[in-house]
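Read top to bottom, the protein sequences are chains A and B.
Going by this note's numbering, the first residue of the first sequence is number 1, and it counts up by one from there.
Going by this note's numbering, the first residue of the second sequence is number 1, and it counts up by one from there.
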Amino acid sequence: MAAIVLDKLNKHYGSLHHAVKDVDLTIADKEFVALVGPSGCGKSTTLRMIAGLEDISSGEIRIGDRVVNHLPPRDRDIAMVFQNYALYQHMSVYDNLAFGLRNKKMPESEINAAINRATEMLGLHELLKRKPRQLSGGQQQRVALGRCIVRNPLVFLFDEPLSNLDAKLRAQMRIEIKRLHAQLPTTSVFVTHDQVEAMTLGDRVVVMKDGRVQQAGTPLDVYGHPVNKFVAGFIGAPAMNFLEVTIAKEGDTLIARSPAVKLAVTEASSRALEAWQGRQVIMGLRPEHLALGDGVVSRSFAAKVEVVEQLGSEILLETRVGDTRVTAARVPPETIVAAGDQIRLSVQPGRLHFFDPETEMVIAA
Amino acid sequence: MAMVRTPLMFARLPVGGRRLLFGLAITGICLAVAFPVLWLILTSLRPESGVYYVHRGTEFTLASYAEVLLDERLVQAFINSALISTLATIFSLLVTVSSGYMLSRFRGPAAQTWFGTIYVFRCVPYISWVLPLYFVAQSWGIYDTYIGLLLPHIAVHICFFSWLMKGFFDGIDPSMEHAALIDGCTRWGAFIRVALPSAIPAISALAVLCWLFTWNEFLFALILTGNKVPVITVVMAQFVTEMGLRWNLMAATAVMALVPAFLLALFGQKYVIRGLRI
């Protein structure tokens with residue numbers, strides 16, 4: 001049993017820099033949580049506080065049933081994978097894997113057995129005698145994973161472990177980490193700035209910005225129901241489009257209107273938007289929810305194509321709607337469209353998000 | 001990798017011509033550097049009467065070497081110099097390595113104070129240390145003793161080489177030590193078992209530099225030692241006597257003093273180059 005509880009966690013650097021602000025988070029036993037956010041959002045600092053590599057300014061961290069605030073890293077029973085692998089350069093791969101176990105004074109025969117199990121899982125057998133600098137980036141990161149596995153800790157911590165790998169290898173390692181977690185369910189915290197990694201790996205995604213947790217939820221939850229404009233824009237690729245619209249009533253239905261757009265609001269959203277009549281709000285549209293073609297007039301708008309990006313499987317269209325840029329994805333690749341074309345984009349009903357322009361919190365989705 | 005561009009004036013020359021020019025330049029520089037040393041060796045091999053006519057005459061002898069080696073004081077000076085250089089290297093490295101590590105890894109009042117202290121001492125001209133050191137050595141009763149010469153050398157090394165060491169450690173990724181902390185090491189254990197082995201090329205380089213620095217040092221030795229602890233640089237200078245200059249003996253001593261330094265530099269240079277490159 002090793003749940004992690006962060007209770008009103010704060011980190012100050014001097015009096016000016018408040019890196020982590022009142023973070024409350026409970027990570028269940030065996031759960032895989034991805035901390036995601038732009039650089040400088042406090043995600044790595046949070047992770048390093050869990051690891052014990054940074055002091056806590058205030059608040060409490062519990063791992064299992066122990067408060068670990070003042071425990072040194074070695075007593076927290078954790079293992080960590082670093083962005084730049086952090087392998088011991090002067091030791092062979094075998095010694096790297098054995099280092100932590102030897103520190104625990106484990107008998108050499110047991111160490112050998114543990115290393116055998118880990119190398120089998122990760123396919124490291126042929127590399128055991130090599131030095132880290134003789135390995136490729138991907139191999140080094142696998143050794144770093146192995147070094148964590150052999151320790152059989154309560155918690156795995158990952159600090160942007162895939163950032164130094166090329167795109168193809170990153171995708172492979174992502175799968176490998178996912179497979180490992182399925183084989184050895186262990187409470188894991190994974191820090192990344194890449195929302196795709198967070199979405200694909202995390203049982204739960206925690207989005208952070210400016211030291212605060214913005215939203216914590218399942219990948220589907222943060223994607224489908226972002227609590228504010230930041231989360232909406234950060235999760236999902238290409239990023240969500242935002243348009244300034246005014247809420248008005250036409251007959252019985254509420255509509256969102258700007259000089260270039262006039263869209264009917266679904267009944268579900270109407271209730272929340274009722275109070276916003278006559279006022280400006282920010283409307284969010286995901287590129288993948290826009291489709292080419294008229295559809296129903298009340299659900300489409302005119303756009304001018306600026307850039308066409310053919311991806312083979314789909315086309316990304318950069319368009320201009322009034323004076324706002326709007327990206328449309330998932331346009332069928334065989335569509336004939338060129339820069340300068342006037343097109344209509346239609347949006348699926350119930351896919352509109354509305355945000356308060358001042359607080360940027362969600363009004364309705 | 002950055003392309004090295006040939007300067008335009010050489011680019012027009014054929015490859016062979018460029019090589020020849022390069023070879024000539026290198027030979028010229030080597031000769032200029034080696035000339036005093038060759039002259040010194042030549043002087044040491046001449047009889048006393050021939051030292052002013054090194055470029056003439058064909059008489060060569062090893063008598064100067066024999067005379068130097070039979071002089072107990074000179075032999076003692078060699079032993080003293082070797083001993084002091086080695087001890088100064090060992091003790092100053094012990095402090096320099098950990099102080100460089102601290103400067104590289106720790107922030108806070110202790111590290112800042114230490115940083116400020118060695119910074120100030122580094123800024124003070126070397127020569128201005130000598131007189132205060134003389135008075136301190138006198139009042140502590142360590143004038144003309146091993147310890148009286150060792151301590152200032154160690155102090156200078158610490159101030160000068162802590163900076164170099166900090167630079168080396170700055171180049172070593174600290175996350176390796178963080179991994180060691182998580183893997184069960186104490187802060188000290190992470191330093192000894194992970195950071196230190198990675199810094200071995202740098203430490204070797206520093207050891208060579210420290211040893212050569214002390215072996216060649218003249219000023220401290222001149223002021224802080226008398227008759228009891230002769231060292232080679234000072235003894236060499238004492239061939240300037242009222243009766244005249246004994247060039248041949250001075251040259252023979254100098255050549256012998258060159259040998260250990262030369263060998264160390266010869267075998268140590270690959271560490272120095274590798275270490276300084278980190």
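Backbone N, C-alpha and C define an ideal beta-carbon position, used for all residues, glycine too.
query: Go to Q280 of chain A, then tell me how far its beta strand (DSSP E) extends in each direction, as first and last residue.; result: 280-285
query: DSSP state of D203 of chain A, grouped into three classes?; result: coil
query: Give a yes or no on whether the C-beta atoms belonging to M49 of chain A and I61 of chain A are separated by under 8 Å.; result: yes
query: Mind checking the stretch 39-71 of chain A against chain B and listing, in chain order, the residues whose C-beta falls within less than 7 Å of any C-beta there?; result: A51, L53
query: Per DSSP, L6 of chain A forms a beta bridge with which residues?; result: A:L25, A:I61
query: Check whether the stretch 181-199 of chain A and the stretch 7-21 of chain A touch, using three or more Cβ-Cβ pairs below 8 Å as the test.; result: no
query: Apart from the five residues on each side of it in sequence, which residues of its chain come closer than 8 Å, Cβ to Cβ, to T266 of chain A?; result: P349, G350, L352
query: Tell me, please, which residues DSSP counts as bridged to Y13 of chain A.; result: A:H17
query: Can you grab the Cα-Cα spacing for the pair V194 of chain B / L169 of chain A, in whole Å?; result: 28 Å
query: How big is the Cα-Cα spacing for L254 of chain A and A272 of chain A?; result: 11 Å
query: May I ask you to list the residues that DSSP assigns as paired with A264 of chain A?; result: A:I255
query: Give the residues of chain B in contact with P107 of chain A, contact being defined as C-beta atoms less than 8 Å apart.; result: Here the premise fails: no neighbours, minimum Cβ distance about 16 Å.
query: Give me, in chain order, the residues of the same chain whose beta-carbon lies closer than 6 Å to that of Y94 of chain A; leave out the 5 immediate sequence neighbours on both sides.; result: L128
query: Apart from the five residues just before and just after I154 of chain B, which ones in its own chain have a Cβ nearer than 8 Å to its Cβ?; result: A88, F91, S92, V95
query: Going by C-alpha distance, which of A:S346, A:H193, A:A328, A:T319 is nearest A339 of chain A?; result: A:T319
query: Spell out whether any CB of chain A is found under 8 Å from the CB atom of I182 of chain B.; result: yes
query: By Cβ distance, which residues of its chain are closer than 7 Å to V191 of chain A, with the 5 residues on each side in sequence left out?; result: L35, K43, S44, L47, F158, D159, E160
query: Determine the closest residue to R422 of chain A out of A:E288, A:V281, A:L165, A:A364, with distance taken between C-alpha atoms.; result: With chain A covering 1 to 365 only, the question about residue 422 of chain A has no answer from this structure.
query: Run down chain B in chain order and give the residues with a C-beta less than 8 Å from the C-beta of Q310 of chain A.; result: Per Cβ cutoff of 8 Å: no residues; Q310 of chain A is ~36 Å from chain B at best.
query: Please name the residue or residues paired with Q139 of chain A in a DSSP beta bridge.; result: According to DSSP, which records beta bridges pairwise, Q139 of chain A is partnered with nothing at all.
query: Under a Cβ-count criterion, where at least 16 other Cβ atoms within 10 Å of its own Cβ denotes burial, should D183 of chain B be classed as buried or exposed?; result: buried
query: Tell me which residues of the stretch 88-105 of chain B have at least one Cβ-Cβ distance to chain A shorter than 7 Å, keeping chain order.; result: none
query: M240 of chain A CB to nearest chain B CB: under 8 Å?; result: no
query: Please list the terminal residues of the continuous alpha helix (DSSP H) segment that includes D170 of chain B.; result: 146-170
query: Run through chain A and tell me which residues come within less than 7 Å of V194 of chain B, C-beta to C-beta.; result: Y88
query: Do the stretch 296-307 of chain A and the stretch 321-339 of chain A meet, that is, are 3 or more Cβ pairs less than 8 Å apart?; result: yes
query: I believe R187 of chain B touches L196 of chain B by the beta-carbon criterion, under 8 Å. Please report the beta-carbon distance rounded to the nearest angstrom.; result: So it is not a contact: roughly 13 Å between Cβ atoms.
query: Can you pull the chain A neighbours of D170 of chain B, defined as C-beta to C-beta under 8 Å?; result: Chain A residues near D170 of chain B: none, gap ~15 Å exceeds 8 Å.
query: Here's the rule: buried if 16 or more other CB atoms are within 10 angstroms of the residue's CB, otherwise exposed. What is M1 of chain B?; result: Since pLDDT at M1 of chain B reaches only 44, below the 50 mark, its modelled position is unreliable, and the value read off the structure follows with that caveat. So M1 of chain B ends up on the exposed side.
query: Step through the CB atoms of chain A and report whether any lies within less than 8 Å of the CB of C30 of chain B.; result: no
query: Using DSSP with H/G/I as helix, E/B as strand and the rest coil, what is H367 of chain A?; result: A question about residue 367 of chain A goes unanswered here, because the residues of chain A that appear run from 1 up to 365.
query: Are three or more beta carbon pairs between the stretch 282-292 of chain A and the stretch 231-247 of chain A nearer than 8 Å?; result: yes
query: Is I78 of chain A close to chain B? Criterion is C-beta to C-beta, closer than 8 Å.; result: yes
query: Does P36 of chain B have its Cβ less than 8 Å from a Cβ in chain A?; result: no
query: Assess, as a yes-or-no matter, whether the stretch 83-94 of chain A is touched by the stretch 115-135 of chain A under the definition of 3 or more beta carbon pairs within less than 8 Å.; result: yes
query: Spatial neighbours of G233 of chain A within its chain, please: C-beta separation below 6 Å, excluding the five flanking residues on both sides.; result: A239, M240
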